[in-house]
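Numbering-wise, my numbering comes out as the position in the sequence shown, counting from 1, plus 18. Encoded as structure tokens, the structure appears first; notes follow it.
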Amino acid sequence: MIEKIISLVAPHRCLVCESTGELLCEACMLTVLLPSPSRCFRCHRATQQHKVCQKCRRNINLKHAWIATYYQETAKDLLHKYKFERAKAASGPISLSLDVVLPDLPNEIIVTHIPTANKRVRTRGYDQSKVIAKKLAKRRGWQHQTLLMRKGGSRQVGSGRTERFKQIETALIPVNTNIIKKAHILIIDDVTTTGATLEAAAKILKSKGAKNVEAAVFAQAVD
């Protein structure tokens with residue numbers, strides 16, 4: 019309701035063309051956001067349909083990790099407004115870009131999200147990844163469920179893959195475990211750097227009986 023009132027009183031302008039209505043209009047989204055090439059999100063080796071390469075698959079529990087774009091320029095500006103300027107409307111074009119990059123997937127898929135640290139949720143008033151995940155699920159007619167929660171106010175502070183993996187693996191707690199068992203799960207996140215968070219989340223979900231775990235992320239930091 020508050021978002022609707024704000025959009026009427028002070029409508030958003032596109033970051034690129036400055037048209038009124040969206041923070042990033044659909045036309046600009048399709049032309050300005052550089053599509054990420056199909057590759058393994060972990061080692062960046064070229065693959066088909068954003069598959070995790072065979073070498074990396076030996077060590078992680080993800081089959082695919084679809085990346086919509088690079089974390090630079092317009093994508094970076096959009097995420098900054100979404101996460102630090104409380105521009106919740108940015109979730110619209112972000113979820114749409116994920117819809118564009120994702121192929122047809124089974125109707126029974128369950129969409130979940132990487133939970134944001136509690137302190138940041140209180141500051142923003144929303145969990146940014148959860149909002150994106152729910153909007154994507156609605157677009158595709160999929161079910162959204164919260165399957166992971168974060169302990170206290172923990173958040174990652176290390177820069178290396180191994181350190182980040184250890185931090186997030188101990189910070190995440192599986193919930194609704196009766197839903198996880200034998201499920202085909204799609205994890206949603208807003209941005210990824212090393213991929214450690216996605217790896218840890220997938221490991222936890224597989225340990226609770228998930229049949230397949232895949233991921234889709236709006237932006238990945240470039241080397």
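Beta carbons: idealized from backbone N, C-alpha and C, even for Gly. Small disclaimer: the values here were computed from a predicted structure and weren't measured.
Given 8 Å as the limit, is there contact between the stretch 71 to 85 and the stretch 112 to 127, that is, 3 or more CB pairs closer than that? yes
Just checking, does the stretch 69 to 79 make contact with the stretch 42 to 61 on the three C-beta pairs under 8 Å criterion? yes
With distances taken Cα to Cα, identify the nearest neighbour of Gln-90 among Thr-211, Pro-29 and Asn-125. Stepping through the sequence shown from its first residue, residue 90 is reached at position 72. Among Thr-211, Pro-29 and Asn-125, the Cα nearest to that of Gln-90 belongs to Thr-211.
Where does the unbroken alpha helix (DSSP H) through Leu-97 begin, and where does it stop? Taking the sequence shown and counting its residues from 1, the one referred to as residue 97 is at position 79. Its alpha helix (DSSP H) spans residues 91 to 102.
Hey, out of Arg-104, Thr-49, Ile-78 and Ala-86, whose CA is closest to Gln-67's CA? On the sequence shown, position 49 is the one that residue 67 refers to. Considering only alpha carbons, the answer is Ala-86.
Within 8 Å, do at least three Cβ pairs link the stretch 200 to 216 to the stretch 31 to 49? no
For Arg-140, count the other beta carbons within 10 Å of its own beta carbon; 16 or more makes it buried, fewer makes it exposed. Which is it? Translated into the one-based positions of the sequence shown, residue 140 becomes position 122. With fewer than 16 Cβ atoms within 10 Å of its Cβ, Arg-140 is classed as exposed.
Sequence-distant residues of the same chain with beta carbon closer than 6 Å to Lys-101, five excluded per side: Against the sequence shown, residue 101 aligns to sequence position 83. Excluding residues within five positions, the ones whose Cβ falls inside 6 Å are Gln-146.
Do the stretch 142 to 158 and the stretch 181 to 201 meet, that is, are 3 or more Cβ pairs less than 8 Å apart? no
If you run the structure through DSSP and keep just helix, strand and coil, what is Pro-29? On the sequence shown, position 11 is the one that residue 29 refers to. Reduced to three states, the DSSP call for Pro-29 is coil.
Taking just the CA atoms, how far does Val-231 sit from Lys-224? As a position in the sequence shown, residue 224 is number 206, starting the count at 1. As a position in the sequence shown, residue 231 is number 213, starting the count at 1. Using only the alpha carbons, I get a separation of about 7 Å.
Is the beta carbon of His-30 less than 7 Å from the beta carbon of Leu-41? Position 12 of the sequence shown, counting from 1, holds the residue named residue 30. Position 23 of the sequence shown, counting from 1, holds the residue named residue 41. Contact: yes.
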